[in-house]
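*Asks:* Residue numbers for the sequence shown follow numbering that gives the first Met the number 0, so the first one is 0 and each next one is one higher.
Built from N, CA and C at the ideal position, the CB exists for glycine as well.
Quick caveat: nothing in here was measured; it's all calculated off a predicted structure.
Quick one: the structure is below, questions incoming.
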Amino acid sequence: MAIDATQPYDDSNIFARILRGELPCRKVFEDEHVLAFEDINPLAPTHVLVIPKGAYVSWDDFSARASGAEVVALVRATGQIAREAGLVEDGYRLLANTGLNAGQEVPHLHVHIFAGRPLGPMLAR
Ligand code: 5GP
Numbered sequence: 000m001a002i003d004a005t006q007p008y009d010d011s012n013i014f015a016r017i018l019r020g021e022l023p024c025r026k027v028f029e030d031e032h033v034l035a036f037e038d039i040n041p042l043a044p045t046h047v048l049v050i051p052k053g054a055y056v057s058w059d060d061f062s063a064r065a066s067g068a069e070v071v072a073l074v075r076a077t078g079q080i081a082r083e084a085g086l087v088e089d090g091y092r093l094l095a096n097t098g099l100n101a102g103q104e105v106p107h108l109h110v111h112i113f114a115g116r117p118l119g120p121m122l123a124r
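Below you can see the structure in the form of structure tokens.
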């Protein structure tokens with residue numbers, strides 16, 4: 000079910016549990032501010048989720064409240080993961096579903112990286 004991007008942070012969400020080590024993930028990157036791991040239900044040959052370690056519900060919440068260091072870390076990590084996976088030459092897509100109309104399901108900001116095949120039109124018409 001889609002979540003409201005303005006809701007308060009819920010510490011029991013699935014990505015908070017992954018960050019606390021309560022649930023496993025297939026990690027692809029970690030630093031002080033960022034964790035990235037493979038999506039459990041991949042929609043493309045490469046489907047990675049990049050998340051801040053801080054408690055941010057959505058892109059809206061993160062862009063409003065995160066420190067400069069956290070914002071830089073998320074952006075740099077996303078680019079580095081794509082480069083190191085060799086995705087730049089053929090291209091990749093970033094997606095951050097935010098709130099109800101976007102169908103955001105997990106109430107902890109995550110940026111999807113999709114790659115590995117032609118990804119089709121940006122949105123279904
Ligand atoms: P959203 O629709 O919120 O943008 O995307 C949520 C994503 O989280 C989906 O692509 C879904 O497959 C992924 N996901 C949900 N639960 C888990 C989990 O427990 N582990 C991992 N690795 N991915 C998950």
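I'd like to know if the stretch 86-99 and the stretch 26-41 are in contact, where contact means that at least 3 CB-CB pairs between them fall below 8 Å.
*Replies:* Verdict: no, contact absent.
*Asks:* Pairing CB atoms from the stretch 27-46 with CB atoms from the stretch 73-80, are three or more of them under 8 Å?
*Replies:* Yes, the stretch 27-46 is in contact with the stretch 73-80.
*Asks:* Put Y5 into one of helix, strand or coil per three-state DSSP.
*Replies:* Translated into positions along the sequence shown, residue 5 becomes position 6. Here residue 5 turns out to be Thr, not Tyr, going by the sequence shown. Residue state, collapsed to three classes: coil.
*Asks:* What whole-angstrom Cβ distance do H111 and I50 have, given they're in contact under 8 Å?
*Replies:* The residue labelled residue 111 in the question sits at position 112 within the sequence shown. The residue labelled residue 50 in the question sits at position 51 within the sequence shown. Actually they do not touch by this definition, with Cβ atoms about 10 Å apart.
*Asks:* Using only the heavy atoms of the ligand 5GP, determine whether one of them is closer than 8 Å to the beta carbon of I112.
*Replies:* Counting from one through the sequence shown, the residue named residue 112 turns up at place 113. False, no ligand heavy atom lies under 8 Å from that Cβ.
*Asks:* Here's the rule I'm using: 16 or more other beta-carbon atoms within 10 Å means buried, otherwise exposed. How should Q103 be labelled?
*Replies:* Start at 1 with the first residue of the sequence shown, and residue 103 comes out as number 104. Q103 is buried by the Cβ-count criterion.
*Asks:* Less than 8 Å between the CB of A101 and some heavy atom of the ligand 5GP, yes or no?
*Replies:* Looking up residue 101 in the sequence shown gives position 102. Result yes, Cβ under 8 Å from the ligand 5GP.
*Asks:* Which word fits V47, buried or exposed, when buried means at least 16 other C-beta atoms lie within 10 angstroms of its C-beta?
*Replies:* Start at 1 with the first residue of the sequence shown, and residue 47 comes out as number 48. The residue in question, V47, is buried, as its Cβ has 16 or more Cβ neighbours within 10 Å.
*Asks:* Determine the extent of the beta strand (DSSP E) in which V33 is found, giving its start and end residues.
*Replies:* Reading the sequence shown from its first residue, position 34 is the one you call residue 33. Here the beta strand (DSSP E) through V33 covers V33 to E37.
*Asks:* Tell me which residues share the same chain as M121 and place their Cβ nearer than 6 Å to its Cβ, disregarding the 5 neighbours each side in the sequence.
*Replies:* Position 122 of the sequence shown, counted from the start, is the residue given in the question as residue 121. Nothing meets the Cβ criterion.
*Asks:* Can you check whether the CB of A114 is closer than 9 Å to the CB of A43?
*Replies:* Residue mapping note: residue 43 aligns to position 44 of the sequence shown, counting from 1. Residue mapping note: residue 114 aligns to position 115 of the sequence shown, counting from 1. For A43 and A114, yes; Cβs fall inside 9 Å.
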